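Numbering (my numbering), first residue to last: 490 to 545.
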Amino acid sequence: MLRRPTTFGFAVPPRDERAPDHANSLPALIATLSLGLSIAIVLAAMTVTARAAHLF
490 MLRRPTTFGF
500 AVPPRDERAP
510 DHANSLPALI
520 ATLSLGLSIA
530 IVLAAMTVTA
540 RAAHLF
């Protein structure tokens with residue numbers, strides 16, 4: 490009697506040699522977060538400056 494293998498989960502295809510490696514995406518993540526933070530700081534500074542200029 491034949492039995493089917495009892496493996497659970499999804500079958501993963503073999504990795505293509507030409508595919509990019511996304512395991513080392515930490516520098517891109519840090520650059521994106523620092524760019525967003527610097528934009529937020531500039532916008533906050535402009536808002537505070539515009540409010541201060543409007544008061545006088």
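Cβ atoms here follow ideal geometry from the backbone N, Cα and C, with glycine treated the same way.
These numbers come from a predicted model, not from an experiment.
- Rounded to whole angstroms, the gap between the alpha carbons of ALA534 and ASP505 is 48 Å.
- DSSP assignment within the segment 490–539 yields no whole alpha helix (DSSP H) run of 4 residues or more.
- Here the alpha carbon of LEU544 sits roughly 23 Å from the alpha carbon of ALA529.
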